[in-house]
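**Q**
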RNA sequence: GGUCGGUUGGCCGAGUGGCUAGGCACCGGUCUGCAAAACCGUUUACGGCGGUUCGAAUCCGCCACUGACCUCCA
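Numbering (the working numbering), first residue to last: 9 to 498.
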């Protein structure tokens, strides 16, 4: 494969050339949602970031197996014994079966992802469907001597592991610091050290999500599922593991420790992390209660939102920043993204109507190469978008009759625009105009506009303005062009 | 307190030792009966103080502010 894709590896804190273990096959694993609530803007970031990577790797010719898990068990409210499973808690509060909660929010998650034009992953495994694999994985760690059983639970022996390997290599921590900074929580007496983490937890009597194991009736620790499912579907060594930056510690650090302890080798070659979306400079998150769900963005139904924002606007907004930068939410920023996307969409639609001339007076050469170069540099989507805006300017120049484009350039421009806009950035470009209207209504509107046109010809401004104003009041947008009037329903 | 990051023009957001990022907004213009829309053009930068250099927003040091993680979090 003739390219030099470089991606930032959190493990080495450098951009590295991407070389798959088994080209042309690529394996990537991304931490998916814990389905106990609606997805918010923050959840869209990794989904879109790794969707972009998925799409681009396929564009480069790789055969990608993309695994994104669903956490439906084992994710506790906190690390203490009193910590309640997030799913179980929601089920208790709403008097539902835990799996009812999971199914409900999973369906809604899928609806959101589809709206955002996020491609489904190759495999979407559920933690609860892989209890056996997780138990087997815990056994391996016990056999290797890096875990201990305590009152029906199994804990990872971080101190022992750290003597042979390096606990903290991903997050840059060392266990001496952790000893000083780890808060004492209730019920930690079972653990030898405060930083040891659970591989298997014995279920308390009221804990309803439980499975049989050699140690107790219980449930797997949160970090276990990714190690077990990742290696099950992608092998003991695979290429890419992704997720949000907030998962680096402890989740991904623990995953590395588990896999290394069980298998005696590094499992993941490239660790990739998207940055956070902030709101008023602070991370948008469930625990802070400052999140806006995707549904609320799409409907505009949230006190912080001045208007609704379409899924494509949200996607474009996220892609306008490089995935390792924080993105700050604001109505102004979203509104700017909406207008920018409109500009690109409009240009793309005009491109279909442009006729080729003898030669090109606009410079569209090298667009494909420039976009390609930006993507190869750690998925620099904002640069790709900037290049597309340059192309939009050229398209508008030709559309306005102030320049010409040759047949060859036109074909190439069209292909490149479609490739990056639709296939790689995943931005849908169909016009919203006339949406939801039927033929009879269209004909009626056209008739009204024809009457207005006649009135204008007779300088009957009162009539023409009345038609325009009344239609606008009804929610129509009237755009007078040079030759004809276009309309759309907002 | 520890670890890691950030600070770019009115807003968002790239980049980088010398060469216009881009978008949105503003302003000016074209078009229009008027307007809207559309299109074109254009202004405002690199937190502070030192240092390295022919040259730094870009490298180094100090300071200030700010964020993430260290408890669940995308």
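Backbone N, C-alpha and C fix where the C-beta goes; we use that ideal spot for every residue, glycine too.
#1: Are there 16 or more other CB atoms within 10 angstroms of the CB of residue 168, so buried, or fewer, so exposed?
#2: Can you say whether residue 178 is buried or exposed, counting buried as having 16 or more other CB atoms within 10 angstroms of its CB?
#3: Counting C-beta neighbours from all protein chains within 10 Å, is the total for residue 231 16 or more, i.e. buried, or is it exposed?
#4: Quick one: what's got a C-beta closer than 6 Å to residue 271's C-beta in the same chain, skipping five residues either side?
#5: What are the complete beta strand (DSSP E) segments, minimum 3 residues, inside the stretch 54 to 131?
#6: For residue 205 and residue 257, which I take to be in contact (beta-carbon distance under 8 Å), what is that distance rounded to the nearest angstrom?
#7: Exposed or buried, which one is residue 65 when buried takes at least 16 other CB atoms within 10 Å?
#8: Please name the residue in 320, 472, 277 whose C-alpha comes closest to that of residue 239.
#9: In whole angstroms, give me the CA-to-CA distance for residue 2 and residue 99.
#10: Distance, Cα to Cα, residue 223 vs residue 229?
#11: Does DSSP classify residue 494 as helix, strand or coil?
#12: Using a 10 Å radius around the Cβ and a threshold of 16 neighbouring Cβ atoms, would you call residue 129 buried or exposed?
#13: Compute the Euclidean distance between the alpha carbons of residue 264 and residue 252, then round it to the nearest angstrom.
#14: With DSSP run on the structure shown, which of helix, strand or coil describes residue 440?
#15: Taking the beta strand (DSSP E) that residue 175 falls in, what are its first and last residues?
#16: Can you tell which of 131, 109, 92 has its C-alpha closest to the C-alpha of residue 72?
#17: I need the DSSP call for residue 27, collapsed to helix, strand or coil.
#18: Please state if the CB of residue 124 and the CB of residue 301 are separated by a distance shorter than 9 Å.
#19: Out of 33, 393, 70, which has the shortest C-alpha to C-alpha gap to residue 379?
#20: Determine the closest residue to residue 419 out of 387, 365, 486, 468, with distance taken between C-alpha atoms.
#21: Taking only three categories from DSSP, how would you classify residue 147?
#22: Buried or exposed: residue 492, going by 16 or more other Cβ atoms within 10 Å of its Cβ?
#23: Any chance you could list the alpha helix (DSSP H) runs of at least 4 consecutive residues sitting entirely within the stretch 377 to 429, in chain order?
#24: Of the residues 52, 465, 63, 136, which one's Cα is nearest the Cα of residue 34?
#25: For the beta strand (DSSP E) containing residue 372, name the first residue and the last one.
#26: By a C-beta neighbour count over all protein chains shown, 10 Å radius and 16 as the cutoff for buried, is residue 448 buried or exposed?
#27: Distance check for residue 235 and residue 138, CA to CA, integer angstroms please.
#28: For residue 365, name the three-state secondary structure that DSSP assigns.
#29: Rounded to the nearest angstrom, what separates residue 67 and residue 437 at their Cα positions?
**A** Looking at the atomic coordinates:
#1: Here residue 168 corresponds to residue number 160 of the first chain, with the count starting at 1. The residue is buried, with at least 16 neighbouring Cβ atoms inside 10 Å.
#2: Residue mapping note: residue 178 aligns to position 170 of the first chain, counting from 1. Answer is buried; the Cβ neighbour count reaches 16.
#3: Start at 1 with the first residue of the first chain, and residue 231 comes out as number 223. Counting Cβ neighbours within 10 Å, residue 231 comes out buried, since at least 16 surround it.
#4: In the first chain, residue 271 corresponds to position 263, counting from 1. The residues are 244.
#5: 71 to 76
#6: Residue numbering aside, residue 205 sits at position 197 when the first chain is read from its first letter. Residue numbering aside, residue 257 sits at position 249 when the first chain is read from its first letter. That belief does not hold up - the Cβ atoms of residue 205 and residue 257 are roughly 11 Å apart, past 8 Å.
#7: One-based indexing of the first chain puts residue 65 at position 57. Answer is buried; the Cβ neighbour count reaches 16.
#8: Here residue 239 refers to the residue found at position 231 of the first chain. The option with the nearest alpha carbon to residue 239 is 277.
#9: An answer regarding residue 2 cannot be provided, because it is not within the stretch 9 to 498 covered by the chain.
#10: Here residue 223 is taken as the residue at index 215 of the first chain, counted from 1. Here residue 229 is taken as the residue at index 221 of the first chain, counted from 1. Residue 223 and residue 229: Cα-Cα distance of roughly 13 Å.
#11: Sequence index remark: in the first chain, residue 494 carries index 486 (1-based). In this structure, residue 494 counts as strand in the three-state DSSP scheme.
#12: Your numbering for residue 129 matches position 121 in the first chain. With 16 or more other Cβ atoms within 10 Å, it is buried.
#13: Indexing the first chain from 1 puts residue 264 at position 256. Indexing the first chain from 1 puts residue 252 at position 244. Looking at the backbone, the Cα of residue 264 and that of residue 252 are separated by about 16 Å.
#14: In the first chain, the residue the question calls residue 440 occupies position 432. Confidence in residue 440 is poor, its pLDDT being 46 and thus under 50, which makes the residue's placement unreliable; the coordinate value appears in the next sentence. Coil at residue 440, not helix or strand.
#15: Position 167 of the first chain, counted from the first residue, corresponds to residue 175. Judged by DSSP secondary structure, residue 175 falls outside any beta strand (DSSP E); it is assigned neither H nor E.
#16: Taking the first residue of the first chain as 1, we reach residue 72 at position 64. Nearest to residue 72 by alpha-carbon distance, out of 131, 109, 92, is 131.
#17: Your numbering for residue 27 matches position 19 in the first chain. Looking at residue 27 - three-state DSSP - the assignment turns out to be coil, as it is neither helix nor strand.
#18: Counting from one through the first chain, the residue named residue 301 turns up at place 293. Counting from one through the first chain, the residue named residue 124 turns up at place 116. Their beta carbons are not under 9 Å apart, which means residue 301 does not touch residue 124 by this criterion.
#19: If you number the first chain from 1, residue 379 lands on position 371. Measuring from the Cα of residue 379, the nearest candidate turns out to be 393.
#20: As a first step, residue 419 is located in the first chain; it is residue number 411 there, counting from the start. Of the listed residues, the one whose Cα sits closest to residue 419 is 365.
#21: Stepping through the first chain from its first residue, residue 147 is reached at position 139. Residue 147 falls in the helix class under three-state DSSP.
#22: Mapped onto the first chain, residue 492 falls at position 484. Per the 10 Å Cβ criterion, exposed.
#23: 389 to 407, 415 to 426
#24: Position 26 of the first chain holds residue 34. Of the candidates 52, 465, 63, 136, 63 places its Cα closest to the Cα of residue 34.
#25: The residue given as residue 372 occupies position 364 in the first chain. No beta strand (DSSP E) contains residue 372, which DSSP labels as neither H nor E.
#26: Working through the first chain from its first residue, we reach residue 448 at position 440. Under this definition residue 448 is an exposed residue.
#27: Here the question's residue 138 lines up with position 130 in the first chain. Here the question's residue 235 lines up with position 227 in the first chain. The C-alpha of residue 138 lies about 11 Å from the C-alpha of residue 235.
#28: Stepping through the first chain from its first residue, residue 365 is reached at position 357. Three-state DSSP puts residue 365 in a strand.
#29: Looking up residue 67 in the first chain gives position 59. Looking up residue 437 in the first chain gives position 429. One C-alpha to the other measures close to 19 Å.
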